[in-house]
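Encoded as structure tokens, the structure appears first; notes follow it.
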């Protein structure tokens, strides 16, 4: 298995584990600290991609009030 395949397999495993845990503990029950940490991770992924390479096609996210 190549390093890229190993990373992809591990990413899929981690996503599955995260979904399992979120289902067991819904977001509404998260502490402010945990919610803040998850937002920071999401921001990091948007800025750097999942594999750490620069993202060239960033989503156009904006706050709608």
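Residue numbers (UniProt numbering): 1 to 65.
Backbone N, C-alpha and C fix where the C-beta goes; we use that ideal spot for every residue, glycine too.
It should be emphasised that the depicted structure is a prediction, and the values quoted were computed from it without experimental measurement.
Inter-residue distance for residue 64 and residue 29 is about 25 Å (C-alpha atoms, whole angstroms).
Residue 44 sits in a helix when the DSSP states are folded into three classes.
Here DSSP, grouped into helix, strand and coil, assigns residue 1 to coil.
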